[in-house]
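First up is the structure itself, then whatever we jot down about it.
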Amino acid sequence: MVSINNNAETRSLRSSKTVVNGDAAEEERVLGFDSSEIKALNKLANSQFHRMATDPEHLRMIFTSWKQAVQPLEEAADYMRRQGVSESAIKHFIAAYFKH
9 MVSINNNAET RSLRSSKTVV NGDAAEEERV LGFDSSEIKA LNKLANSQFH RMATDPEHLR
69 MIFTSWKQAV QPLEEAADYM RRQGVSESAI KHFIAAYFKH
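Dropping the structure here:
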């Protein structure tokens with residue numbers, strides 16, 4: 009029988025950063041999303057936005073691509089609106105972009 013330690017650390021395959029239980033939820037709170045916004049993003053046909061809200065590495069990659077493409081934030085916001093992202097979620101993404 010294998011014993012599982014509740015305090016065990018896990019590593020994300022996409023990141024070299026060690027993730028300790030609760031860190032992912034803390035990152036979501038830092039972005040300002042509440043659980044209803046996360047659920048709404050998860051229901052969208054385009055899963056990119058849910059992933060941006062829940063996967064910090066993916067969010068950083070998207071922001072880096074926006075900066076490299078010199079894409080205006082309003083253009084990115086318009087795209088999110090067309091995809092069904094709420095105004096509240098768009099504000100969270102834009103605020104996170106400025107912190108990036």
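Heads up, the sequence shown is in our numbering, so the first residue is 9 and it goes up one at a time.
Idealized CB from N, CA, C, for every residue including glycine.
Keep in mind that this is a model prediction, so the values were computed, not measured.
Coarse secondary structure for residue i, derived from DSSP in three states
{"i": "D86", "result": "helix"}
{"i": "A103", "result": "helix"}
{"i": "L67", "result": "helix"}
{"i": "A53", "result": "coil"}
{"i": "E34", "result": "Reliability fails at E34, whose pLDDT of 47 lies under 50, so the model's placement of it is uncertain and no value is given."}
{"i": "H58", "result": "helix"}
{"i": "S43", "result": "helix"}
{"i": "Q91", "result": "coil"}
{"i": "Q79", "result": "coil"}
Cβ-based burial, residue i [other Cβ within 10 Å; buried from 16]
{"i": "H58", "result": "buried"}
{"i": "E95", "result": "exposed"}
{"i": "V78", "result": "exposed"}
{"i": "A53", "result": "exposed"}
{"i": "F106", "result": "exposed"}
CB of residue i within 8 Å of CB of residue j, strictly
{"i": "F101", "j": "M69", "result": "no"}
{"i": "L39", "j": "A104", "result": "yes"}
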